[in-house]
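Colleague:
There are 2 protein chains.
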Amino acid sequence: MRIGALSALTGLSRDTIRFYERQGLIASAAATGKANTYRHYGDDLPERLRMITDARSAGMSVADLKLLLTFMESGDPGAININEFLDQRISQVEDTIRQSRKLLKTLKLTRAALVVPMDAYSEDENR
Amino acid sequence: MRIGALSALTGLSRDTIRFYERQGLIASAAATGKANTYRHYGDDLPERLRMITDARSAGMSVADLKLLLTFMESGDPGAININEFLDQRISQVEDTIRQSRKLLKTLKLTRAALVVPMDAYSEDENR
DNA sequence: CAAAACAATGGAGTGCAGTCAATGGTTTCG
DNA sequence: CGAAACCATTGACTGCACTCCATTGTTTTG
């Protein structure tokens, strides 16, 4: 598929997709048959981009994501210590989860303190 | 306490603390008695800053954090719809948790696939 | 009290992750 | 075919969240 379709499927802008490609998170093939100018993406790209956006919103940087994806595909750790790298990412994500839960608790308490008075108010209004 | 002590307690740089103060996330009092120039922070500030860093690493922006903290203190929703605001923040954090868990699974699987061959390798080396 | 340590301010600079705009090709469709 | 829709590239630009620097003032301490 071409970039517009992929953009529609994933909700990412064309620019963001091209940006991820420049950063090496995804790859495209030159379209065959036609003039060699449009990017062509395989059917696995939507899923791959969903994995990327998940990882991004879990706090993983584009650079780290590239290391991870490269390794997941080639099995080649490149210049880094892959065990150490993975362990660090894992505890980083575990921290994110821990801290998100704490924040969630605070947000829900704050919201709960709000529900009762607001309900009472709207009941008043309907009387 | 002064900014240096607070910095040591929280692990945040002085600059970051002053930045958060400029953004209205925290407040300081002018020191009493001495020349009116150093910030003085109350004993609740370490805890407050820990809450702030938690929220930050859960993906909440400084601007949103300011809205939240202001409301939590004054009970005044200001110009925003506080119910809607809280609901949006809550589902945003829930998303972060969901996506973090997905990423965590991927990371752990990747790491698990690594453990066995590496163990075998180090056993080889010790033989 | 002098030096060292600490702090304030203002403003410039950095890194990250996109986002936008201009210009010019390519496809598709009525 | 020709207009509309789609795509490419380059490079500048933006917003966020800090971070650094230079200068100047304050406190602490040996």
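Chains as they are written, first to last, in our numbering: chain C, 59 to 185; chain X, 59 to 185.
C-beta atoms are modelled at their ideal positions from N, C-alpha and C, and glycine is treated no differently.
Predicted model only: the values in this text are computed from it and were never measured.
Return helix, strand or coil for C:R97, following the three-state DSSP convention.
Modeller: Here residue 97 of chain C corresponds to residue number 39 of the first sequence, with the count starting at 1. Note: C:R97 maps to strand in three-state DSSP.
Colleague: Is C:A87 close to chain X, meaning its C-beta is less than 9 Å from at least one C-beta of that chain?
Modeller: In the first sequence, counting from the first residue as 1, residue 87 of chain C sits at position 29. Not one chain X Cβ lies under 9 Å of C:A87.
Colleague: By DSSP, does X:A88 sit in helix, in strand, or in coil?
Modeller: Against the second sequence, residue 88 of chain X aligns to sequence position 30. Looking at X:A88 - three-state DSSP - the assignment turns out to be strand.
Colleague: Which stretch, first to last residue, makes up the alpha helix (DSSP H) that contains X:M112?
Modeller: Taking the second sequence and counting its residues from 1, the one referred to as residue 112 of chain X is at position 54. Met is not the amino acid found at residue 112 of chain X; the sequence shown has Asp there. Segment 103-115, the alpha helix (DSSP H) holding X:D112.
Colleague: If we count Cβ pairs, one from each stretch, closer than 8 Å, do we get three or more for the stretch 133-153 of chain X versus the stretch 92-103 of chain C?
Modeller: Segment contact: the stretch 133-153 of chain X against the stretch 92-103 of chain C, fewer than three CB-CB distances shorter than 8 Å; contact not assigned.
Colleague: Mapping DSSP to helix, strand and coil, what is X:Q146?
Modeller: In the second sequence, residue 146 of chain X corresponds to position 88, counting from 1. Looking at X:Q146 - three-state DSSP - the assignment turns out to be helix.
Colleague: Within 9 Å (strictly less), CB to CB, does C:V120 reach chain X?
Modeller: Taking the first residue of the first sequence as 1, we reach residue 120 of chain C at position 62. For C:V120, the answer is no, since every Cβ of chain X falls outside 9 Å of its Cβ.
Colleague: Quick one: measure Cβ to Cβ for X:I110 and X:L83, integer angstroms, because I've assumed they're closer than 8 Å.
Modeller: In the second sequence, counting from the first residue as 1, residue 110 of chain X sits at position 52. In the second sequence, counting from the first residue as 1, residue 83 of chain X sits at position 25. About 6 Å; that satisfies the 8 Å criterion.
Colleague: Determine, using beta-carbon pairs with one atom in the stretch 125-142 of chain C and one in the stretch 159-172 of chain X, whether at least three such pairs fall under 8 Å.
Modeller: Yes, the stretch 125-142 of chain C touches the stretch 159-172 of chain X.
Colleague: Which residues, taken in chain order from the stretch 128-141 of chain C, show a beta carbon closer than 8 Å to some beta carbon of chain X?
Modeller: F129, M130, I140, N141
Colleague: Kindly list, in the order they appear in chain X, the residues whose Cβ is closer than 7 Å to that of C:D153.
Modeller: On the first sequence, position 95 is the one that residue 153 of chain C refers to. Near C:D153 (Cβ distances below 7 Å), the residues of chain X are S115.
Colleague: Quick check on the burial criterion: 16 or more other C-beta atoms within 10 angstroms. Buried or exposed for X:G136?
Modeller: The residue given as residue 136 of chain X occupies position 78 in the second sequence. Classification for X:G136: exposed.
Colleague: With a Cβ-Cβ cutoff of 9 Å, do X:D153 and C:S119 count as a contact?
Modeller: Numbered from its first residue, the second sequence carries residue 153 of chain X at position 95. Numbered from its first residue, the first sequence carries residue 119 of chain C at position 61. No, these two residues do not count as a Cβ contact at 9 Å.
Colleague: Spatial neighbours of X:Y99 within its chain, please: CB distance less than 6 Å, with the 5 preceding and 5 following residues excluded, ordered by chain position.
Modeller: As a working note, residue 99 of chain X is residue 41 in the second sequence. Closer than 6 Å at Cβ, skipping near neighbours: M59, L64, S86.
Colleague: Please classify X:R80 as buried or exposed, where buried requires at least 16 other C-beta atoms within 10 Å of its C-beta.
Modeller: Numbered from its first residue, the second sequence carries residue 80 of chain X at position 22. It is exposed - the Cβ of X:R80 has fewer than 16 other Cβ atoms within 10 Å.
Colleague: Going straight from the alpha carbon of X:A113 to that of C:N139, what length do you get?
Modeller: Against the second sequence, residue 113 of chain X aligns to sequence position 55. Against the first sequence, residue 139 of chain C aligns to sequence position 81. Each residue's alpha carbon lies about 30 Å from the other.
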